[in-house]
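In what follows, a single structure is set out as structure tokens and then discussed.
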Amino acid sequence: MLLWQGKDKQASLLVPSTDGDALFAICTLSRVDPEHDGRLLALALHLNLSPVHTMSACIALDVEQNTLCLRYTHDLGGNGADTLLLALENAQALAEQIKQVIENFRHDQGRR
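No gaps in the numbering here: position 76 of the sequence shown is 72 in the numbering used here, and each next residue is one more.
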């Protein structure tokens, strides 16, 4: 495991697959309270089902830390190692976009 810090100082946890053919990048999105954030968890599920996540990314709930995380899988086969930096930066950019969606959602829910 390795902690990688991108351009915007956001940290991602990098974990190699057991066979060494892929690398998982995990970015924290938001802390959640599973008992009170049911609508936010439903939003995360909805975002998982939208086409933007066909780039080998998914939103997961870390139940030990009570956080939503973006998990991106990068294939290291072929030219995968050459494009790793760009892929990590793209995954972090996607994580930032999802964080903004979560913040907007929480803001909108707070008004009601």
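In this text, a Cβ means the ideal position worked out from N, Cα and C, and glycines have one as well. Please read all numbers here as calculations on a predicted model, not as lab measurements.
Distance CB(residue i)-CB(residue j) smaller than 7 angstroms
i: His70; j: Ala53; result: no
i: Leu72; j: Ala18; result: yes
i: Phe101; j: Leu10; result: no
i: Ala110; j: Leu66; result: Beyond the ends of the chain as shown, which are -3 and 108, falls residue 110; an answer cannot be given.
i: Leu(-1); j: Ala7; result: yes
i: Arg27; j: Asn75; result: no
i: Ile94; j: Leu25; result: yes
Residues sharing a beta bridge with residue i, DSSP
i: Gln1; result: Ala7
i: Arg27; result: Thr63
i: Asp58; result: Thr63
i: Asp71; result: Ala18
Three-way DSSP call (helix, strand, coil) for residue i in this model
i: His42; result: helix
i: Ala53; result: strand
Residue closest to residue i, alpha-carbon to alpha-carbon, out of the options
i: Gly106; options: Pro30, Leu(-2) and Leu36; result: Leu36
i: Ala87; options: Thr14, Lys5, Cys23 and Gln1; result: Cys23
i: Glu99; options: Asp58, Asp78, Leu64 and Asp4; result: Leu64
i: Glu60; options: Ala77, Lys5, Glu85 and Pro30; result: Pro30
i: Leu57; options: Asp33, Asp104 and Asp78; result: Asp33
i: Gly16; options: Ala77, Ile94, His42 and Gln1; result: Ala77
i: Gln1; options: Glu85, Pro12 and Leu25; result: Glu85
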